[in-house]
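Oh and the sequence shown: position 28 is 1043 in our numbering, straight run, nothing missing. Worksheet for the structure shown next.
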Amino acid sequence: MLTKETFVDIHVRFAQGQSIRNIARQLGISRNTVK
1016 MLTKETFVDI HVRFAQGQSI RNIARQLGIS RNTVK
(Lines of atoms letter the chains of each structure in order from A and count residues from 1; the text may use other names and numbers.)
(Lines give C-alpha, C1' and ligand atoms only; values in the text may rest on other atoms or scores of the structure.)
Protein backbone atom coordinates (compact mmCIF):
# COMPACT_ATOMS: atom_id res chain seq x y z
CA MET A 1 0.00 0.00 0.00
CA LEU A 2 1.33 3.41 -0.95
CA THR A 3 1.43 6.21 1.55
CA LYS A 4 -0.20 9.47 0.55
CA GLU A 5 3.25 11.09 0.40
CA THR A 6 4.51 8.48 -2.08
CA PHE A 7 1.34 8.81 -4.17
CA VAL A 8 1.78 12.59 -4.38
CA ASP A 9 5.52 12.20 -5.09
CA ILE A 10 4.75 9.91 -8.06
CA HIS A 11 2.29 12.40 -9.52
CA VAL A 12 4.66 15.33 -9.09
CA ARG A 13 7.52 13.45 -10.75
CA PHE A 14 5.27 12.33 -13.61
CA ALA A 15 4.05 15.91 -14.12
CA GLN A 16 7.69 17.01 -14.32
CA GLY A 17 8.12 14.63 -17.26
CA GLN A 18 9.92 11.72 -15.61
CA SER A 19 9.26 8.28 -17.07
CA ILE A 20 7.36 5.62 -15.17
CA ARG A 21 10.45 3.40 -15.30
CA ASN A 22 12.66 6.11 -13.84
CA ILE A 23 10.19 6.96 -11.07
CA ALA A 24 9.89 3.29 -10.13
CA ARG A 25 13.68 2.90 -9.94
CA GLN A 26 14.15 6.03 -7.83
CA LEU A 27 11.44 5.05 -5.35
CA GLY A 28 12.29 1.34 -5.31
CA ILE A 29 8.82 0.19 -6.32
CA SER A 30 7.36 -1.76 -9.23
CA ARG A 31 6.58 -0.04 -12.54
CA ASN A 32 3.09 -1.52 -12.28
CA THR A 33 2.65 0.23 -8.94
CA VAL A 34 3.63 3.55 -10.51
CA LYS A 35 1.17 3.07 -13.39
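All residues carry an ideal CB built from backbone N, CA and C; glycine is no exception.
Taking the CB atoms as reference points, tell me whether residue 1036 and residue 1046 lie closer together than 7 Å.
Yes.
In this structure, how does DSSP classify residue 1044 when only helix, strand and coil are distinguished?
coil
Taking the beta carbon of residue 1049 as the centre, do at least 16 other beta carbons fall within 10 Å, making it buried, or is it exposed?
buried
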